[in-house]
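> Attaching a single structure in structure tokens format; questions to follow.
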Amino acid sequence: MGMPSMPELLIVLAIVVLLFGAKKIPELAKGMGKGIKEFKGAMKEEEEKEDVKEIAQSEEKQVETKSEEKKSENA
């Protein structure tokens, strides 16, 4: 199965126009665009949270190693 050719795309477009109407199509596209934008924003937000957690964990490890070094120096 390859990519659909131009006549096939035109037939699909005609069916979509008949089902939803010409006025409804821009509204549907706008809604899909907003949904995609919100999804991308949520993905970035999750990545930022993960980055903050990783930074916090690495800082905790550094503090732990420094405190262990001090303890070994005092002993």
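Counting from 652, one number per residue, gives the positions in the sequence shown under our numbering.
For glycine and all other residues, C-beta sits at the position ideal for the given N, C-alpha and C.
Please read these numbers as outputs of a predicted model, since none were measured by experiment.
(1) Note down the Cα distance separating Glu715 from Lys700, rounded to an integer number of angstroms.
(2) Helix, strand or coil for Gln653? Go by DSSP, reduced to three states.
(3) When you compare only the Cα positions, how much space is there between Pro677 and Val703?
(4) Which of the three DSSP states is assigned to Gly682 in this structure?
(5) Report the rounded CA-to-CA distance for Ala662 versus Gly692, giving the unit in angstroms.
(6) Pick helix, strand or coil for Gly692, following the three-state DSSP scheme.
Per the coordinate set shown:
(1) 23 Å
(2) Note on residue identity: the sequence assigns Gly, not Gln, to residue 653. Reduced to three states, the DSSP call for Gly653 is coil.
(3) 39 Å
(4) helix
(5) The amino acid occupying residue 662 in the given sequence is Ile; Ala does not appear at that position. Straight-line Cα distance between these residues: approximately 35 Å.
(6) helix
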